[in-house]
Amino acid sequence: MLRRALCLVWVAVLLVCLASCGGGKTPLTAEAFATAVQEQGYTVEMTTEGEEAYVLANNEGLSLSFAVSTGEKEGMAWTLFANTVDAFEKAHPVRTMSLSSRSGNAEYYHATGGEEFLIISRVDNTLLCCVSTPQHAKELKALFEELGYK
């Protein structure tokens, strides 16, 4: 009986630890994203439509797209993530490098197909995406990680 009770206590402690480790990521606001990439040398164009926000950031041939969806369109980030990955994989059935992960409120994917490199990440109702050449893969992965989108 004591052994069973002790086992239940250990299971409860383990579940609490696992739950606290699985905390979600915090999404950036459009303004925070714009500021962060401007500090990296990107020029920024921001568009808002009601509570929706879209940011296009450019730096030496690299273009980052960032979107915040709210209200009725809150699921847009998830849909865009899934559709973008699906379209890339259909266009590039043979990929030389690919990584996909999903954790709590976030999804992350990057892949190289031919002369294209896709990196895309979703945190809650926000989406960050870039299609570039494989030569920029390392710097883009580092930037996504720095922004909290890896």
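The numbering used here applies: residue 400 is where the sequence shown begins, and numbers increase by one. Idealized CB from N, CA, C, for every residue including glycine.
* **Beta-carbon separation (whole angstroms), Ala466 vs Leu526, contact threshold 8 Å** => Translated into the one-based positions of the sequence shown, residue 466 becomes position 67. Translated into the one-based positions of the sequence shown, residue 526 becomes position 127. So it is a contact: roughly 5 Å between Cβ atoms.
* Beta-carbon separation of Cys529 and Ser468 under 8 Å? -> Counting from one through the sequence shown, the residue named residue 529 turns up at place 130. Counting from one through the sequence shown, the residue named residue 468 turns up at place 69. Result no, Cβ atoms of Cys529 and Ser468 do not sit closer than 8 Å.
* Can the beta-carbon of Lys540 be found closer than 8 Å to that of Ile518? -> On the sequence shown, residue 540 is found 141 positions in, with the first residue counted as 1. On the sequence shown, residue 518 is found 119 positions in, with the first residue counted as 1. Yes; because the gap between Cβ atoms is below 8 Å, this pair is in contact.
* Could you spell out where the beta strand (DSSP E) holding Leu455 opens and where it closes? => Taking the first residue of the sequence shown as 1, we reach residue 455 at position 56. Segment Glu451 to Asn458, the beta strand (DSSP E) holding Leu455.
* Cα-Cα separation between Lys489 and Ser464, rounded to whole angstroms -> Here the question's residue 489 lines up with position 90 in the sequence shown. Here the question's residue 464 lines up with position 65 in the sequence shown. Answer to the nearest angstrom: the Cα atoms are 21 Å apart.
* Counterpart residues of Glu448 in DSSP-defined beta bridges -> Translated into positions along the sequence shown, residue 448 becomes position 49. Answer by DSSP bridge pairing, in chain order: Glu451.
* DSSP state of Gly512 mapped onto helix, strand, coil -> Stepping through the sequence shown from its first residue, residue 512 is reached at position 113. Note: Gly512 maps to strand in three-state DSSP.
* To do: Determine, using beta carbons only, whether Val522 and Ala510 come nearer to each other than 8 Å.
  => By one-based count along the sequence shown, residue 522 stands at place 123. By one-based count along the sequence shown, residue 510 stands at place 111. Not closer than 8 Å, so no.
* Kindly provide the ranges of any alpha helix (DSSP H) runs that are 4 or more residues long and lie completely inside the stretch 470-494, ordered along the chain. => 475-490
* Unbroken alpha helix (DSSP H) run spanning Leu542, endpoints -> For the purposes of this step, residue 542 is identified with residue 143 of the sequence shown, where counting begins at 1. Start and end: Ala536 to Glu545.
* Asked: Which of helix, strand or coil does DSSP assign to Thr525?
  -> Translated into positions along the sequence shown, residue 525 becomes position 126. If DSSP states are grouped into helix, strand and coil, Thr525 belongs with the strands.
* Asked: Ends of the beta strand (DSSP E) at Leu461?
  -> Walking along the sequence shown from the start, residue 461 turns up at place 62. Taken as a continuous stretch (DSSP letters only), the beta strand (DSSP E) holding Leu461 covers Leu461 to Val467.
* To do: Quick one: grab the DSSP three-state call for Glu430.
  => Here residue 430 is taken as the residue at index 31 of the sequence shown, counted from 1. Helix, per DSSP.
* Measure the CB-CB distance between Leu427 and Glu444 and report whether it falls below 8 Å. => As a position in the sequence shown, residue 427 is number 28, starting the count at 1. As a position in the sequence shown, residue 444 is number 45, starting the count at 1. Taking 8 Å as the Cβ cut-off, Leu427 and Glu444 do not qualify as a contacting pair.
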